[in-house]
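All remarks here apply to the structure that follows.
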Amino acid sequence: MDAKAQFQLLFEKYLDGTITESESAALKNALDLEEYNTYTEETIADFFRAEQDGTTSEWLDKAEPIVDDTWRYLNKEVDKEILINIRPFSRLYKYAAVALLLISLTIIGYYYKKEAIEEVTVNVPDIKPGSNRATLTLSDGKSIALSEGQSSLVVSDEGMTYGDGTGIPGAVRVRTATIHTPRAGQYQVSLPDGTEVWLNAASSLSYPTTFEKDLRMVKVTGEVYFDVAKDAKRPFIVQTENQKIEVLGTSFNVNAYADQGKCLTTLIEGSLRVIAKQNDQRLVIKPGQQAIVSESGEMDVVQVDVEEYTAWKDGAYMVNNLTLEQFAKQIERWYDVDVDMGNYKNYRLSATIRRDVKLKEVLDAITLRTKIKFVVKERRVSVAE
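For the record, in the sequence shown the residue sitting at position 89 is 89 according to UniProt numbering, with numbers rising by one throughout.
So, in structure tokens, the structure goes:
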């Protein structure tokens, strides 16, 4: 019996409720085979044909009660952490969504039915996600803690206000200013030319309150997303520690955290030029490309899924095959905690997780995918022994 037929037989036994524990283990192991993706696609295609033809499918009929139970479980236990993009508009879409979730979460129905869901994190304090927090530092040295009840700062020729037009006490007219978000903070800024800027946690933006006639220049640290207003006569320049970015009008994300040893510039639309400060090496990137500049000035361009690098500004983390050590950095900045993944730091994770959930829910989502359990003591996260 070939691998495909074996897989289908095991799946039918699972639907019939006649699968043994050893056969269930074999079905679970099939998930690790590349061929499994093809089998799943063919099964979903069968679902589509049955739905379109209006015919009944023996597999669909057998699967319906299991799928319904699994769907209720996923909505109750998982949807808090995961952005599920497929919704059950029809029976077919519900099965497709569950199939995709079973793959991504490595949840096999046999184990779901046979094993009770246990608490996956222990001793977890009530650590909330980040919020709108930032400090504004003026060129005269004055620092102003911006209101957490506001989400944005507007810079204009008349001065600086919150996004709703409310004045900022103490924000006198100055030539330059810097907005800085702490760990567990984020903020949005509208610059005098109409450019929109989003700051992620532990990031900063230094800017003039009035741009020059022939140039618009800002400096950033951390992670910042730009939607630059078009102005062909005034190039927009973004400086980081190791590079300079020149644009006319475009949308892009800059990730320049000092602890990662490189700067990632991801272009969403338009075009821009990236210049390494160490050696003046230059390159132009197109939408969907990412420029990587190392601390030594080495440059590279790769094609990427831009959503993975911009989802944060829309309230989510889109993690695609990141190591736990890499994802831990994002958790540290957004929840203001320290994370030690121990011997599991090189394990890889793929998931889409909302940023507005508590830390425990994020750790639970990781545990569902990796089976790794965590302990949180005060603001330190470590792997449970």
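Using N, Cα and C, we set each Cβ at its ideal position, and we do this for glycine too.
On a predicted model such as this, the values are computed, not experimentally measured, just so you know.
In this structure the segment 211 to 220 touches the segment 189 to 200; the number of beta carbon pairs closer than 8 Å is three or more. Where Gln290 is concerned, the enclosing beta strand (DSSP E) starts and stops at 289 to 294. In the DSSP assignment, the residues bridged to Tyr207 are Ala177. Contact between Thr323 and Tyr347 holds: their C-beta atoms lie close to 7 Å from each other, under 8 Å.
Closest in C-alpha terms to Ile237, from the list Ala258, Gly261, Phe211, comes Phe211. Fewer than three beta-carbon pairs drawn from the segment 352 to 371 and the segment 249 to 260 are found closer than 8 Å, and the two stretches are therefore not classed as touching. The three-state reading of DSSP puts Val337 in coil, since its state is none of H, G, I, E or B.
Ala134 places its beta carbon less than 7 Å from that of Ile179. Partner residues in the beta bridge of Ala351, as assigned by DSSP, are Val319. The beta carbons of Arg355 and Arg183 sit no closer together than 7 Å. Shown here, Leu368 sits in a helix according to DSSP, grouped into three states. Leaving aside the five residues that flank Val306 on each side, the residues in its chain whose CB is nearer than 7 Å to its CB run, in chain order, Thr266, Ile268, Gly288.
In chain order, Val228, Val247, Leu248, Gly249, Thr250, Ser251, Phe252, Pro287 place their CB closer than 8 Å to the CB of Gly270, counting only its own chain and leaving out the 5 sequence neighbours on each side.
Cβ contact annotation for Phe226 (same chain, cutoff 6 Å, sequence separation greater than five): Val197, Phe252, in chain order. The Cβ atoms of Val293 and Asn242 sit closer than 7 Å to each other. One alpha carbon belongs to Arg282, the other to Ser296, and they sit about 14 Å apart.
Leu349 is not a Cβ neighbour of Ile127, given a cutoff of 7 Å. In this model, Gly315 and Thr18 are separated by some 43 Å (Cα to Cα).
The Cβ atoms of Ala291 and Ile285 sit closer than 7 Å to each other. With 16 or more other CB atoms across the displayed protein chains lying within 10 angstroms of its CB, Pro129 is buried. With distances taken between CA atoms, Tyr257 lies nearest to Gly222 out of Lys244, Tyr162, Gly222. Thr352 sits close to Met318, with the two beta carbons spaced by under 7 Å. The DSSP-derived three-state label of Asp157 is coil.
For Tyr344, no beta strand (DSSP E) run applies, since DSSP gives it neither H nor E. In terms of Cα proximity to Gly185, the closest of Val154, Ser203, Asp259 is Ser203. In the DSSP assignment, Tyr225 falls within the unbroken beta strand (DSSP E) covering 216 to 227. Under the three-state reduction of DSSP, Glu385 is assigned to coil, being neither helix nor strand. With fewer than 16 other beta carbons inside 10 angstroms of its own, Ser139 counts as exposed.
For Glu241, no alpha helix (DSSP H) segment is defined, and its DSSP state is neither H nor E.
The alpha-carbon separation between Ser147 and Leu136 amounts to approximately 10 Å. Within a 10 Å sphere around the beta-carbon of Val376 sit 16 or more other beta-carbons, which makes this residue buried.
With respect to the 7 Å criterion, Gly159 and Arg173 are classified as neighbours on the basis of their beta carbons.
Straight-line spacing of the CA atoms in Gln326 and Gln260 works out to 9 Å. Per DSSP, reduced to three states, the secondary structure at Ser152 is strand. For Gly194, DSSP assigns no beta-bridge partner whatsoever.
Here DSSP, grouped into helix, strand and coil, assigns Ala26 to helix.
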